[in-house]
Amino acid sequence: MHKSSQNKNNQNKKQVQRCTLLSIKTGGCPEDCGYCSQSSKWSSDTGTKAERLMDLEPVYEAALRAREAGSTRFCMGAAWRGPSQAGPRQWARVLGMVKQIRALGMEVCTTLGMLTAEQARELREAGLTAYNHNLDTSPEYYGQITTTRKYADRLATLETVREAGISVCAGGIIGLGEGAKDRVGLLLQLATLPAHPESVPINRLVAVKGTPIAAKQAAEAADKAAAAEKAAEKAAAAAANAGPLRPGTRAAAAAALGLPADDDTDAAADAGGGGDGGPTGLDLVRCVATARVVMPQTVVRLSAGRMGLSVGDQALAFFAGANSIFDGDKLLTTANNDRGEDAAMFEALGLRSRPAFVPYGAGGPTSSGGGMGGGHGGMSGGGGAAFGEAVSAGEASRLLERAAAEAAADEAQRGGGGCCGGAKKQQQASAGGGGGGGCC
Ligand code: SF4
Numbered sequence: 169m170h171k172s173s174q175n176k177n178n179q180n181k182k183q184v185q186r187c188t189l190l191s192i193k194t195g196g197c198p199e200d201c202g203y204c205s206q207s208s209k210w211s212s213d214t215g216t217k218a219e220r221l222m223d224l225e226p227v228y229e230a231a232l233r234a235r236e237a238g239s240t241r242f243c244m245g246a247a248w249r250g251p252s253q254a255g256p257r258q259w260a261r262v263l264g265m266v267k268q269i270r271a272l273g274m275e276v277c278t279t280l281g282m283l284t285a286e287q288a289r290e291l292r293e294a295g296l297t298a299y300n301h302n303l304d305t306s307p308e309y310y311g312q313i314t315t316t317r318k319y320a321d322r323l324a325t326l327e328t329v330r331e332a333g334i335s336v337c338a339g340g341i342i343g344l345g346e347g348a349k350d351r352v353g354l355l356l357q358l359a360t361l362p363a364h365p366e367s368v369p370i371n372r373l374v375a376v377k378g379t380p381i382a383a384k385q386a387a388e389a390a391d392k393a394a395a396a397e398k399a400a401e402k403a404a405a406a407a408a409n410a411g412p413l414r415p416g417t418r419a420a421a422a423a424a425l426g427l428p429a430d431d432d433t434d435a436a437a438d439a440g441g442g443g444d445g446g447p448t449g450l451d452l453v454r455c456v457a458t459a460r461v462v463m464p465q466t467v468v469r470l471s472a473g474r475m476g477l478s479v480g481d482q483a484l485a486f487f488a489g490a491n492s493i494f495d496g497d498k499l500l501t502t503a504n505n506d507r508g509e510d511a512a513m514f515e516a517l518g519l520r521s522r523p524a525f526v527p528y529g530a531g532g533p534t535s536s537g538g539g540m541g542g543g544h545g546g547m548s549g550g551g552g553a554a555f556g557e558a559v560s561a562g563e564a565s566r567l568l569e570r571a572a573a574e575a576a577a578d579e580a581q582r583g584g585g586g587c588c589g590g591a592k593k594q595q596q597a598s599a600g601g602g603g604g605g606g607c608c
């Protein structure tokens, strides 16, 4: 946290970009990402219906509304393996959306799946600012999440995007059942790409009922609840036998009741288990802080899963280096924070909306409207010149390897999985809950 807060640009540390994400083609995706409600593989369980690509007009109107509400970046997601599965008329419509929304003076980002070089070039010519393609997790854990594509496919699309001169948006999700090493592994992968992504969204999964990951996490939660109930019954029986307890005899009383002598509630929460066993707000903050340290000039986006965060947790995330949020009613298919509450939070924390096209400091020459990157850039989204020294790929790798070793030691001590800074294993999801609607 200390290092990450030092890396915050003194001039821009109160600037937080508001972005809006719209699903322009929902459901019916042929991929099998285990967390995603939009996959056709389990649509009968999630109830997500395959819809057609939206018309240009309602998308344009949504972008106008977003701009009026203070968003400076408009992101459009389509549940495709890639645009190659769409017909030429649909593709032309997507390019038209990019062109018209860019003309509104907004940054435009799309997330459409795997791209060919030709498609990337056409998007670039239409005026696309950024292309989102999340790596989700570490290369080692990726096979647990999806089987219909490989990590190498993701990296190839990122390279295609970079070569087309489009800025790169690539991040991941915590709460997929991954361990601490995987969270570190994701950041290691991102921080050691040939150029740092200009934008790194950090998402926290709130599992959607009907997806395989939600089912697995719900089963684990049920096992844990059953074990807790058993332990409570045992403690109650012991209490009945122990009779009245005397003040000042906590250790002896705890031993009589079969409970731990010390109150380790805070430590447990800190270790990564929220009330529902999913990643806590602090887990998210740790990931943001780590991303900020190893990619000092990148825009780190506090993305899906923000709904359950307190204003205090969000303030910590901004302090740790987050400089963007997604606002609006929905994130693809799932609920998002209320715009009015976000406005109140901005007011309370003294945050200012970041304008569009502040040049990037990370990455390479892009369609961002001016920034040149590679760590030598001018002002940046994440920080730029005043953001502290850039971390080289080698240094990032060393930092992350050290973090992984520390996390593994923490994990071993706590007997669980965890977070970037060390935490215990993911256990469950709020099956039936909101977020995590898929990110191609
Ligand atoms: S995350 Fe994207 S690619 Fe994966 S199933 Fe969902 S919509 Fe398809």
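For any residue, its number in our numbering is found by taking its place in the sequence shown, counting from 1, and adding 168.
A virtual CB, placed ideally from N, CA and C, is assigned to each residue, including glycine.
What is the DSSP secondary structure of residue i, counted as helix, strand or coil?
i              : result
proline 369    : strand
glycine 449    : helix
alanine 553    : Note that alanine 553 scores 27 on pLDDT, short of 50, meaning its location in the model is unreliable and no value can be drawn from it.
alanine 420    : helix
methionine 244 : strand
valine 352     : helix
alanine 472    : coil
arginine 414   : coil
serine 211     : helix
serine 521     : strand
valine 456     : helix
valine 526     : coil
alanine 503    : strand
aspartate 481  : helix
alanine 435    : Low confidence applies to alanine 435: its pLDDT is 39, below 50, so where it sits in the model is not reliable, and the reading given next is rough at best. Three-state DSSP puts alanine 435 in a helix.
Tell me whether residue i counts as near the ligand SF4, meaning its Cβ is closer than 7 Å to at least one heavy atom of that ligand.
i             : result
glutamine 253 : no
alanine 472   : no
glutamate 219 : no
cysteine 277  : no
tyrosine 346  : The sequence shown places glutamate at residue 346, not tyrosine. Not under cutoff, so the answer is no.
cysteine 243  : no
glutamine 206 : yes
cysteine 197  : yes
alanine 485   : no
glycine 295   : no
glycine 311   : no
cysteine 337  : no
glycine 281   : yes
cysteine 201  : yes
alanine 457   : no
alanine 383   : no
alanine 247   : yes
What are the boundary residues of the alpha helix (DSSP H) that residue i is part of?
i              : result
arginine 186   : From DSSP, arginine 186 is part of no alpha helix (DSSP H) but of the beta strand (DSSP E) over 183–193.
glutamate 509  : 507–517
asparagine 409 : 380–410
glutamate 236  : 224–236
valine 266     : 256–270
arginine 292   : 285–294
Give me whichever residues DSSP pairs with residue i in a beta bridge.
i              : result
isoleucine 334 : Paired residues: none, contrary to the question.
isoleucine 127 : The question about residue 127 has no answer, for the chain in this structure spans 169 to 608.
aspartate 200  : Aspartate 200 pairs with nothing; no bridge assigned.
aspartate 321  : Partner(s): none; aspartate 321 has no beta bridge.
valine 467     : Ser367
Along the chain, where does the beta strand (DSSP E) that runs through residue i open and close?
i                 : result
phenylalanine 494 : 490–495
glutamate 275     : 275–279
tyrosine 299      : 298–300
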